[in-house]
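Okay, structure first, notes after.
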Amino acid sequence: MTLGEILALLGGGLTAGAINSIAGGGSLITFPLLVALGLPGVAANVSNALSVAPGYAAGAVGSRPDLTGQGRRILSIIPTIVVGALCGSALLLFTPRSVFDVVVPFLLLLAAAMMAFQGRLRALAGHPRDKSARAVTVQVQVAVFLCGLYGGYFNAAMGLLLIAALSLVLDEPLRRISALKNVFSAVVGVTTVLTYSIFGPVNWAVVAVLAPATVIGGFTGAKIARHLPGEVLRWTIVVFAITVAVILFVT
């Protein structure tokens, strides 16, 4: 690995870690970077998943104040998102990804629409505070399973989908939902690390350089997200989701 490649990985990791903590979608920087450095598609995907996982964990630590009072919710959801991530990882390792590649941009546009029209969608589907606790629990479990499935398969922009889905089914400020997103993204990251380490074609040299950079970026990004006004954070997420979708359509 040349010095230029190392510097590119460090810069990409710092930027991606920060973006993942604030909105999600940082893998759309690191994944193409790994492909540009010559890694085959699946190797780039699994190496990227392992590299960004520590950054998600750093983001969760950085957003810890916004996790206060959510411990029971987190513990009840972790098994569901782990199962979803395992299913997604299995799909990646044992099936062609061509169909999913077509679907991903549309999923991100859906996430952008869910964030942009959150108020209207809640009016149609019912505000979380007007629903029974059981109904909200079921909706949250379904949402995190599907996002875990996506994250285990593709990973890139999983945070965008998590925030969009959880914002519709939870009556919480966006910064607290963003903190939840960081925790669940870290859980998916750990799950994929264990799975891909055993079964996936990982480039460990790339991971050794990229992972520490995502940790620094993730912690910094979480601190920034905590101080953004709710509407600014919401429209930042919308812009990121649309931008990532457009990039995927083009590529």
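Residue numbers (my numbering): 33 to 283.
The C-beta atom is built at its ideal place from N, Cα and C for all residues, glycine as well.
- For P244, the enclosing alpha helix (DSSP H) starts and ends at W236 to R258.
- Restricting attention to G249, S108 and E37, the CA atom closest to the CA of L71 is found in E37.
- Residue range M190 to V201 is occupied by the alpha helix (DSSP H) that includes M190.
- The alpha-carbon separation between T246 and V168 amounts to approximately 33 Å.
- The Cβ-Cβ distance between S83 and L242 falls below 8 Å.
- Going by C-alpha positions, R207 is about 7 Å away from D98.
- Excluding residues up to 5 positions away in sequence, A50 lie with their Cβ nearer than 6 Å to the Cβ of T252 in the same chain.
- Between the beta-carbon of Y185 and that of L124 there is about 5 Å, and that keeps the pair under the 8 Å contact cut.
- Contiguous beta strand (DSSP E) elements confined to the region 87-131 do not occur, taking only those with 3 or more residues.
- By the neighbour-count criterion, in which 16 or more other beta carbons inside 10 Å mark a residue as buried, A165 falls on the exposed side.
- For F149, there is no enclosing alpha helix (DSSP H), since its DSSP letter is neither H nor E.
- Only residues of its own chain outside the window of five on either side were considered, and among them F63, L66 and V67 have a CB closer than 7 Å to the CB of A76, listed in chain order.
- With fewer than three CB-CB distances shorter than 8 Å, the region 90-105 does not count as touching the region 40-47.
- Assigned with DSSP and collapsed to three states, E204 falls in coil, not helix or strand.
- Nearest C-alpha to A218 among V278, I256 and G250: G250.
- Here L198 is buried. Its C-beta has 16 or more other C-beta atoms within 10 Å.
- Under the 10 Å beta carbon count, A254 is surrounded by 16 or more other beta carbons and is classified as buried.
- The straight-line gap separating the alpha-carbon atoms of F126 and P261 is approximately 43 Å.
- With fewer than 16 other Cβ atoms inside 10 Å of its own Cβ, L35 counts as exposed.
- Contact between A148 and V270 holds, since their C-beta atoms are separated by about 5 Å, short of 8 Å.
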